[in-house]
Structures are given as structure tokens and as C-alpha cells.
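Right, one structure below, let's go through it.
Residue numbers (the numbering used here): 30 to 181.
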């Protein structure tokens, strides 16, 4: 079982995969989630999670989820259904998201370009696309919107 907020810590998913192998094949991963974090749900889904329970939900839902995931079945708390639909709408490409994530850490364009082995112009284009796609006014606004949605 994992708290969805932990999925954002650096290397968490890699540690889980190395400890348990392919998360879809080994022990079922059950995630405790909060509403209004569709990006975090998407990360958990991509990591192979089988179950998703609302942190603020009733304890009986958690118990039901544990039993279902232990049997290898999927479980999605109905209070998270809308967020799953939103998660499918993540507007940025993986590359745009990685560039925006590095920018969110305060990395200048030159450093982002160097770390991703891309030109500075390409990084500017990715940032501009990310800003436009999330509806931000500038880089900081795009970071704020993306963090609020759980994409970063």
C-alpha cells in the first residue's frame, strides 16, 4: 500500500519496481489518494497500481480494496472516478512534462538543455507548448497549475 503523495518523491516508483518487480505482476499495489490530483493518479496507474482508495473515505472501503487487490482484482473508489477521467486528459507530452518539471526545480534553460541533450531553442519551444496547453500565463503559472493538478 502506498500513499499517493509518496509517488512524487524522487525515485519512489523506481524503488518500488526494483523491490517488487513489475508491479502489475507481483503483489498488488493499493494507493491511498486524495481527490483533485488526477496527475498523481495517472502516475500510480502507470506504475501498475491495481487499487485506488480515497484517503478521506470510509474505512470499510479501504478494507474492501485490500481484499480485492489481494485477489488480483482492480478497485477504484467511486469518489476518485472523475479524477481518473481528468487524468486521461493530461494535456502535455511526456517530454513537455519533463522540461516543465526541471523548470519547476529552478533549472535555467541552459541547464535543462544540457541535462536532456537538447538545444536551448527546443527547450523554449517545449516550455511554450506546456504553458499554452495548461492555460498558464507564464512558466510559474504553468508550474502552479500543473502541481495543483498533480501532474508535477
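Using N, Cα and C, we set each Cβ at its ideal position, and we do this for glycine too.
Keep in mind the model is a prediction, meaning the values are calculated, not measured.
Check: Within 8 Å, strictly: CB atoms of residue 134 and residue 158; Outcome: no
Check: Nearest candidate by alpha-carbon position, reference residue 176, set 103, 67 and 122; Outcome: 67
Check: Enclosing beta strand (DSSP E) for residue 145 [first to last residue]; Outcome: Counting along the chain, residue 145 falls outside any beta strand (DSSP E), though it belongs to the alpha helix (DSSP H) covering 138 to 145.
Check: Residue 92 - containing alpha helix (DSSP H), residue span; Outcome: 88 to 99
Check: Where residue 167 falls: helix, strand or coil (DSSP); Outcome: coil
Check: Residue environment, residue 110, which counts as buried when at least 16 other CB atoms sit within 10 Å; Outcome: exposed
Check: Test item: CB-CB of residue 60 and residue 80 under 8 Å; Outcome: yes
Check: Identity of the residues DSSP links to residue 104 by a beta bridge; Outcome: 80
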